[in-house]
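Peer 1:
Pasting the structure below:
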C-alpha cells in the first residue's frame, strides 16, 4: 500500500515537471494581458489549467499559473522629440565667468586629463553660485557655441580696423576675452599661454632621475602655480580696466550734459535779473513820461 502511494506521488511530480518544461519549451500561452494605457509598468500573465493531472491520491485537480511582472517602461514609438532647455543670457554670462575664474585648473593634470573633470567643476560652480542646473556635457557644448561666436567677432575686427562694435557690448567684450585667453580644438580647451602642466596629487614618479630631485620638482610646481595665479590676476585686472574705461566715458558724457544745463540755467537767471533791475525800471518810466509830456 505504501508503495502505491509513493508511485502516485512520483507520477504527480513527474507530471508537474513535464508541465513546466512544456511551458518554457513550447511557449504555451493561453492568456496574455498587456495594459497599453500605462507607459511605465506592464504585466503579462501565463496560465494553464490542467484538470486531468492528479497530484495526490485523492484525485483532486490543481491549477498552475505563472505570473511575470515587468517594471521596465514599454517601448514607445512616438515621434515627439525631447527638446533641451535653451540657455539664457544670464546663464551665458555665468558660464563664461566661471570658465575664466577656474582657468587656472587647466594647468593641473587632474583637470586636463580627462577634460571632463574640468567641466564637472564648472557645472558644480554654476549650481553653487548661481543655482543653474547644467551638467558637464551641456556646459561643454554651450562653450563650444560661444567660442564660435567669439571667433566670428575677432574675424570682423581683423577685416575692419575701424570696427568698434565690441566697445559697446559687455557680452562681446567677454567673448573677446575668452577668445584671447583660450584655444578650443577638437573639444579640448587649453590656455593660450600654456605653462607646464602640474600635478596636485602625491603619486610617485616612475622616473628615477626625477625622484632623486624632489626639491627641484617642488620648486617647479610652485613656480607654475605662481605663473598661473599671475595670469589669472592679469585677466581680472584687464576686465576691471575695461569696465573703468566704460565708466569714465559715461562720466564724461554726463559732465558735458551737466555743464550745458548749468549754462542754460545761468542764462535764464541773468534774463530774470535784467528785467527786475530798479535802475532799468526807473529809466524806462522816465522815458515813458517824457513821451507822454511831448504828446501833450
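Numbering (full-length UniProt numbering), first residue to last: 1 to 296. Glycine residues also receive a C-beta, built at the ideal position from the N, C-alpha and C atoms. Please read these numbers as outputs of a predicted model, since none were measured by experiment.
If residue 231 and residue 171 are in contact, beta carbons under 8 Å, what's the gap, nearest whole angstrom?
Peer 2: Counting from one through the chain shown, the residue named residue 231 turns up at place 231. Counting from one through the chain shown, the residue named residue 171 turns up at place 171. Residue 231 to residue 171, Cβ: 23 Å. No contact.
Peer 1: Please report how far the alpha carbon of residue 115 lies from the alpha carbon of residue 190, in whole angstroms.
Peer 2: Here residue 115 refers to the residue found at position 115 when the chain shown is read from its first residue. Here residue 190 refers to the residue found at position 190 when the chain shown is read from its first residue. Near 10 Å, if we compare the C-alpha coordinates of residue 190 and residue 115.
Peer 1: Helix, strand or coil, according to DSSP, for residue 188 in the structure here?
Peer 2: In the chain shown, residue 188 corresponds to position 188, counting from 1. Residue state, collapsed to three classes: strand.
Peer 1: Going by beta carbon distance, what residues of the same chain come within less than 7 Å of residue 266, once the five residues before and after it are set aside?
Peer 2: Position 266 of the chain shown, counted from the start, is the residue given in the question as residue 266. The answer is none, since no qualifying residue turns up.
Peer 1: Just the Cα atoms here: how many angstroms apart are residue 236 and residue 173?
Peer 2: In the chain shown, residue 236 corresponds to position 236, counting from 1. In the chain shown, residue 173 corresponds to position 173, counting from 1. Distance between the alpha carbons of residue 236 and residue 173 is about 13 Å.
Peer 1: Are three or more beta carbon pairs between the stretch 105 to 114 and the stretch 128 to 139 nearer than 8 Å?
Peer 2: no
Peer 1: Just the C-alpha distance for residue 86 and residue 120, rounded to the nearest angstrom, thanks.
Peer 2: Sequence index remark: in the chain shown, residue 86 carries index 86 (1-based). Sequence index remark: in the chain shown, residue 120 carries index 120 (1-based). Near 19 Å, if we compare the C-alpha coordinates of residue 120 and residue 86.
Peer 1: Excluding the 5 residues flanking residue 91 on each side, which residues of the same chain have their C-beta closer than 6 Å to its C-beta?
Peer 2: Here residue 91 corresponds to residue number 91 of the chain shown, with the count starting at 1. 132.
Peer 1: Along the chain, where does the alpha helix (DSSP H) that runs through residue 130 open and close?
Peer 2: Reading the chain shown from its first residue, position 130 is the one you call residue 130. It spans 116 to 130 - the alpha helix (DSSP H) in which residue 130 sits, taken as one unbroken run.
Peer 1: Pull the bridge partners of residue 345 from the DSSP assignment, please.
Peer 2: The first residue shown for the chain is 1 and the last is 296, placing residue 345 beyond what the model contains.
Peer 1: What residue does the alpha helix (DSSP H) around residue 100 start on, and which one ends it?
Peer 2: Residue 100 sits at position 100 when you count from the first residue of the chain shown. Here the alpha helix (DSSP H) through residue 100 covers 89 to 101.
Peer 1: Residue 223 to residue 187, Cα distance in whole Å?
Peer 2: Within the chain shown, numbered from 1, the residue matching residue 223 stands at position 223. Within the chain shown, numbered from 1, the residue matching residue 187 stands at position 187. Their backbone Cα atoms lie some 28 Å apart in a straight line.
Peer 1: Quick check: what's the CA-CA separation for residue 155 versus residue 264?
Peer 2: Mapped onto the chain shown, residue 155 falls at position 155. Mapped onto the chain shown, residue 264 falls at position 264. Computed Cα separation, rounded: 46 Å.
Peer 1: Exposed or buried, which one is residue 99 when buried takes at least 16 other CB atoms within 10 Å?
Peer 2: Here residue 99 refers to the residue found at position 99 when the chain shown is read from its first residue. Buried: at least 16 other Cβ atoms inside 10 Å.
Peer 1: Run the CB neighbour count on residue 104, radius 10 Å, all protein chains shown included, and call it buried at 16 or more, exposed below.
Peer 2: On the chain shown, position 104 is the one that residue 104 refers to. So residue 104 ends up on the buried side.
Peer 1: Can you list, in chain order, the residues of its chain with a C-beta nearer than 7 Å to that of residue 130? Leave out the 5 residues immediately preceding and following it.
Peer 2: Against the chain shown, residue 130 aligns to sequence position 130. Answer for residue 130: 94, listed in chain order.
Peer 1: Does residue 234 pass the burial test, meaning 16 or more other C-beta atoms within 10 Å, or should it be called exposed?
Peer 2: Residue mapping note: residue 234 aligns to position 234 of the chain shown, counting from 1. Classification of residue 234: exposed, given that the 10 Å Cβ count is below 16.
Peer 1: Is residue 222 helix, strand or coil by DSSP?
Peer 2: Translated into the one-based positions of the chain shown, residue 222 becomes position 222. Correct three-state label for residue 222: helix.
Peer 1: Below 7 Å CB to CB, which residues in the same chain sit around residue 183 once its five sequence neighbours on both sides are set aside?
Peer 2: By one-based count along the chain shown, residue 183 stands at place 183. If we look at residue 183 and ignore the five residues flanking it on each side, its Cβ neighbours are 190 and 192.
Peer 1: Grouping DSSP H, G and I as helix and E and B as strand, with all else coil, what is residue 254?
Peer 2: Taking the first residue of the chain shown as position 1, residue 254 is located at position 254. Residue 254: helix per DSSP, three-state reduction.
Peer 1: Excluding the 5 residues flanking residue 179 on each side, which residues of the same chain have their C-beta closer than 8 Å to its C-beta?
Peer 2: The residue given as residue 179 occupies position 179 in the chain shown. Hits under 8 Å: 147, 150, 151, 153 and 154.
Peer 1: Just the Cα atoms here: how many angstroms apart are residue 122 and residue 246?
Peer 2: Working through the chain shown from its first residue, we reach residue 122 at position 122. Working through the chain shown from its first residue, we reach residue 246 at position 246. Each residue's alpha carbon lies about 29 Å from the other.
Peer 1: Less than 8 Å between the C-beta atoms of residue 228 and residue 107, yes or no?
Peer 2: For this step, residue 228 is matched to residue 228 along the chain shown. For this step, residue 107 is matched to residue 107 along the chain shown. Yes. Within cutoff.
Peer 1: Is it the case that the Cβ atoms of residue 249 and residue 177 are separated by a distance below 8 Å?
Peer 2: Within the chain shown, the letter at position 249 stands for residue 249. Within the chain shown, the letter at position 177 stands for residue 177. For residue 249 and residue 177, no; Cβs fall outside 8 Å.
Peer 1: Measuring alpha carbon to alpha carbon, tell me which residue in 257, 169, 89 and 268 is nearest residue 242.
Peer 2: If you number the chain shown from 1, residue 242 lands on position 242. Residue 169 is the option with its Cα nearest to residue 242.
Peer 1: What would DSSP say about residue 239, mapped onto helix, strand or coil?
Peer 2: Taking the first residue of the chain shown as position 1, residue 239 is located at position 239. Residue 239 falls in the helix class under three-state DSSP.
Peer 1: Report all residues from its chain with a CB closer than 6 Å to the CB of residue 97; omit the five preceding and five following residues, and keep chain order.
Peer 2: On the chain shown, position 97 is the one that residue 97 refers to. If we look at residue 97 and ignore the five residues flanking it on each side, it has no Cβ neighbours.
Peer 1: So, for residue 89: in the same chain, excluding its five sequence neighbours on each side, which residues have a beta-carbon less than 8 Å away from its beta-carbon?
Peer 2: In the chain shown, the residue the question calls residue 89 occupies position 89. Correct list, in chain order: 171.
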